[in-house]
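Remarks on the structure that follows.
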Amino acid sequence: MGELKLMKGNEVIAEAAIRCGCDGYFGYPITPQSEIMETLMLEKPWETTGMVVLQAESEVASINMLYGGASCGKKVMTSSSSPGISLMLEGISYLAGAELPCLIVNVVRGGPGLGTIQPSQADYFQTTKGGGHGDYQVIALAPASVQEMNDFVGLGFDLAFKYRIPSLILTDGVIGQMMEKVIVADHKPRWTDAEIQKISGTWATTGKTKNRERHVVTSLNLESEKQEIHNHHLQAKYREIEVNEVRFEEFQTKDAEYLFVAYGSSARICQKSVELARAKGIKVGLLRPITVWPYPTVRIAELATKVKGMLAVEMSAGQMVYDVRLAVNGKIPVSHFGRYGGVIPSPGEVLEAMEKFIKGGK
Amino acid sequence: MTEEIIIAGFGGQGVLSMGKILAYSGVMQNQEVTWMPSYGPEMRGGTANVTVIVSDERISSPIVHEYDTAIILNQQSMDKFEKTVKPGGILLFDPNGITHPPKRTDIKIYAIEGVEEATRMGNPKTFNMIVLGAYLKLKPVVKTENVEKGLRKSLPERHHKLIPMNIDAIKLGMEKVKEFSM
């Protein structure tokens, strides 16, 4: 049924975590996502659901606390912003290697370095192309509304446990700081020990009983042949996720001659640009990847046979545009428009970029 | 109906909370709303602004480059946002502290002596509600009774006793707003 509220995106992440039965949050404050831990501290879920909320001494500590909690089959999460996520990457690679489910939220800010606290989408490569070391992926969900901030917490955990993989919510200060109407989910109780046993009992370190082998959670394997087999297994899992879990939304693509491709807050801006373009009689549509990994490659390839060109709009110097180009594979012109370093493009300048693209065809 | 509004002024003037009350009021009458603050190292005395969109339809972008209405409460914001009002749109401002009044002729310009009226009411904190009242007189996007409901929803219960005073301030703003001419 849910409950209608007016909330900030960051606040709703915290609310959704409590309501979906999260066992533990471990984090370290950083703008523009500090409201997540602030809301958790205000709500005091340890008094109601028993959820642990802990401000760790650093991001490195937080992500390793996730490793510990996830090893026990618990629903655990952290959140940070770009520089903090960079610090966590070693831990994320370990979590992926050890196949541990967890939820990580990155409210991206402008970089590189300490950069700025304003919104950015320049962590796309970091999120979808590894970031940390080794051949690994995380499932990356890119919400474009406060409602999706709520929905993707539950979905992120579900996918994480379904595939034993870290899930990551890739968002920014626009969606994090904005207030919109949201229907928050009903409270779900935290898993009992018996439920954890049923869900993760084949691998989690829930306490060895007499009649079973001990469970070892590790990302270390010194025999390279065995490590290759483990990698084969991981890759097979990633291919399965690529088949099953691609999510995207289309906006006025049916008769479109040109397409915007944009995710998260940029997709909201592009929707307005589509409205402005349509009012001028320009047939433009939008494809919005909801999962940025796995990427809607197949759909973009299909659309490349129907439209004359695609313009990737991102708050970065051009990162996701590489995935568009790979999908399009040279069939039609693909270009990029971006503002970055914390600057948000306006719907008007995005439309101008599209008009220029249409004229120049590149 | 879609109304795109920018409210801009000094931090501490109640710019963000004015936007919040407007957004809550929209929710109370089943409209779609977005409230997008300029966030960052803002502080009391610095500049602060918020974009509020109230609509009967799904809202595409919470960020826009031109506005139906600009509510401007200091000179820095006047310099930045006078030019962003759509032709035919509304600019509402408090002349207090404005050294360069608006000059555009393709928009409708109104003034509200918010600071002065709030001081006269004996409570400077009612300033933003007086300005909100002035705005609602010009653009009745939300009904006063829904503003009251919005206040009830957005204020912690211990502050509910202040609601009648806030409603009075809104009504005062509605009375005192006037067309501006050089």
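Here the protein sequences come in this chain order: E and R.
First residue of the first sequence: 9, per the working numbering; consecutive thereafter.
First residue of the second sequence: 43, per the working numbering; consecutive thereafter.
Ideal Cβ placement from N, Cα and C applies to all residues, glycine included.
Computed from a predicted structure; not experimentally measured.
Neighbour list for residue i in chain E, Cβ cutoff strictly below 9 Å
i         : result
R:Glu-74  : Glu-188, Lys-189
R:Tyr-177 : Residues of chain E passing the Cβ test: none, with the nearest at roughly 19 Å.
R:Met-43  : By Cβ distance, chain E contributes nothing, its closest Cβ being about 15 Å from R:Met-43, past 9 Å.
Residue i versus the options, residue with shortest Cα-Cα distance
i         : options                                    : result
E:Met-36  : E:Glu-19, E:Thr-56, E:Gly-77, E:Pro-91     : According to the sequence as given, residue 36 of chain E is Tyr; it is not Met. Considering only alpha carbons, the answer is E:Pro-91.
E:Gln-235 : E:Leu-108, E:Asp-143, E:Gln-41             : E:Asp-143
E:Met-45  : E:Lys-288, E:Asn-18, E:Ser-354             : E:Asn-18
E:Ile-298 : E:Phe-160, E:Thr-226, E:Val-225            : E:Phe-160
E:Ala-152 : E:Gly-209, E:Pro-353, E:Cys-278            : E:Cys-278
R:Leu-214 : R:Val-183, R:His-202, R:Thr-161            : R:Thr-161
E:Ser-324 : E:Pro-127, E:Glu-43, E:Phe-365, E:Cys-30   : E:Pro-127
E:Lys-364 : E:Ala-335, E:Asp-131, E:Tyr-266, E:Glu-11  : E:Tyr-266
R:Gly-156 : R:Ile-212, R:Ile-47, R:Met-70              : R:Ile-212
R:Val-219 : R:Gly-164, R:Asn-165, R:Val-173            : R:Val-173
R:Ser-80  : R:Val-69, R:Gly-68, R:Leu-193, R:Thr-93    : R:Thr-93
R:Lys-115 : R:Tyr-177, R:Arg-146, R:Ile-95, R:Lys-128  : Reading off the sequence, residue 115 of chain R comes out as Leu, not Lys. Comparing Cα-Cα distances from R:Leu-115 to each of R:Tyr-177, R:Arg-146, R:Ile-95, R:Lys-128, the minimum goes to R:Tyr-177.
E:Asp-318 : E:Met-49, E:Met-59, E:Ser-42, E:Gly-293    : The identity of residue 318 of chain E in the sequence shown is Met, whereas the question assumes Asp. Nearest C-alpha to E:Met-318: E:Gly-293.
R:Asn-72  : R:Glu-99, R:Thr-89, R:Pro-206, R:Ala-90    : R:Glu-99
E:Ser-274 : E:Ala-130, E:Gln-260, E:Asn-158, E:Val-315 : E:Ala-130
R:Lys-122 : R:Gly-68, R:Ala-90, R:Lys-181, R:Leu-58    : R:Ala-90
E:Ser-343 : E:Ile-352, E:Ser-354, E:Val-358            : E:Val-358
E:Met-96  : E:Tyr-246, E:Gln-185, E:Leu-176, E:Phe-259 : E:Leu-176
E:Thr-57  : E:Ala-64, E:Leu-48, E:Gln-63               : E:Leu-48
R:Pro-182 : R:Val-57, R:Lys-145, R:Ser-67              : R:Ser-67
R:Gln-118 : R:Val-127, R:Tyr-109, R:Gly-139            : R:Gly-139
R:Pro-166 : R:Glu-108, R:Gln-55, R:Glu-190             : R:Gln-55
E:Glu-43  : E:Asp-31, E:Gln-63, E:Lys-280              : E:Gln-63
Residue i - DSSP class collapsed to helix/strand/coil
i         : result
E:His-344 : strand
R:Asp-98  : coil
E:Ser-153 : coil
E:Lys-83  : coil
E:Asp-166 : helix
E:Met-318 : strand
R:Met-78  : strand
E:Val-113 : strand
R:Pro-166 : helix
E:Leu-14  : strand
E:Ala-396 : Shown here, chain E extends from 9 to 370; a query on residue 396 of chain E therefore has no answer.
R:Thr-89  : strand
E:Ala-130 : coil
E:Gly-140 : coil
R:Thr-44  : strand
E:Lys-364 : helix
E:Ala-64  : coil
R:Phe-52  : strand
E:Gly-349 : coil
E:Tyr-330 : helix
E:Glu-107 : coil
E:Ala-148 : strand
Cross-chain neighbours of residue i in chain E, by beta carbon under 7 Å
i         : result
R:Tyr-81  : Pro-40, Gly-181, Gln-185
R:Ser-103 : Arg-276, Ile-277, Gln-279, Lys-280, Pro-355
R:Val-184 : Per Cβ cutoff of 7 Å: no residues; R:Val-184 is ~13 Å from chain E at best.
R:Val-173 : Chain E residues near R:Val-173: none, gap ~20 Å exceeds 7 Å.
R:Ala-65  : Leu-14, Met-187
Under 8 Å by beta carbon: chain R residues contacting residue i
i         : result
E:Glu-250 : Residues of chain R passing the Cβ test: none, with the nearest at roughly 30 Å.
E:Glu-19  : Those within 8 Å of E:Glu-19 in chain R number zero; the least Cβ separation is about 12 Å.
Where residue i meets chain E, residues with beta-carbon distance less than 8 Å
i         : result
R:Ala-50  : Ordered by position in chain E, no residue passes the 8 Å Cβ test against R:Ala-50, which lies about 16 Å from the chain.
R:Gly-60  : For the record, residue 60 of chain R in the displayed sequence is Met; it is not Gly. Within chain E, no residue comes near R:Met-60; the closest Cβ sits about 13 Å away, beyond 8 Å.
R:Val-106 : Lys-280, Ser-354, Pro-355
R:Val-69  : Leu-12, Leu-14, Lys-189
R:Met-163 : Ordered by position in chain E, no residue passes the 8 Å Cβ test against R:Met-163, which lies about 28 Å from the chain.
Closer than 9 Å at the beta carbon, the chain R residues around residue i
i         : result
E:Glu-283 : Ser-102, Ser-103
**Asked** Mind pulling the alpha helix (DSSP H) runs of 4 or more residues that sit fully within the region 228 to 306 of chain E?
**Response** 232 to 252, 272 to 287
**Prompt:** Which runs of the alpha helix (DSSP H), 4 residues or longer, sit entirely within the region 169 to 212 of chain E?
**Reply:** 181 to 185, 201 to 208
**Asked** Touch check for the region 96 to 105 of chain R and the region 65 to 78 of chain R: three-plus C-beta pairs under 8 Å?
**Response** yes
**Message:** Can you confirm whether the region 134 to 142 of chain E touches the region 276 to 290 of chain E when touching is taken to mean that 3 or more C-beta pairs between the two stretches lie within less than 8 Å?
**Reply:** no
**Three or more C-beta pairs below 8 Å linking the region 81 to 100 of chain E and the region 193 to 207 of chain E** = yes
**Message:** Would you call the region 304 to 313 of chain E in contact with the region 87 to 105 of chain E, where contact means no fewer than 3 C-beta pairs closer than 8 Å?
**Reply:** no
**Prompt:** Three or more beta-carbon pairs under 8 Å between the region 165 to 172 of chain E and the region 60 to 71 of chain R, yes or no?
**Reply:** no
**Message:** Whether or not the region 110 to 119 of chain E and the region 177 to 192 of chain E are in contact is what I'm after, with contact meaning three or more pairs of Cβ atoms, one per stretch, closer than 8 Å; do they touch?
**Reply:** yes
**Asked** Quick check: the region 348 to 360 of chain E against the region 132 to 148 of chain R, are there 3 or more CB pairs under 8 Å?
**Response** no
**Request:** For the region 106 to 139 of chain R, list the beta strand (DSSP E) runs that are entirely contained and at least 3 residues long, ordered along the chain.
**Result:** 109 to 114, 127 to 135
**Prompt:** If you pair each beta-carbon of the region 50 to 59 of chain E with each one of the region 11 to 30 of chain E, do three or more pairs fall below 8 Å?
**Reply:** yes
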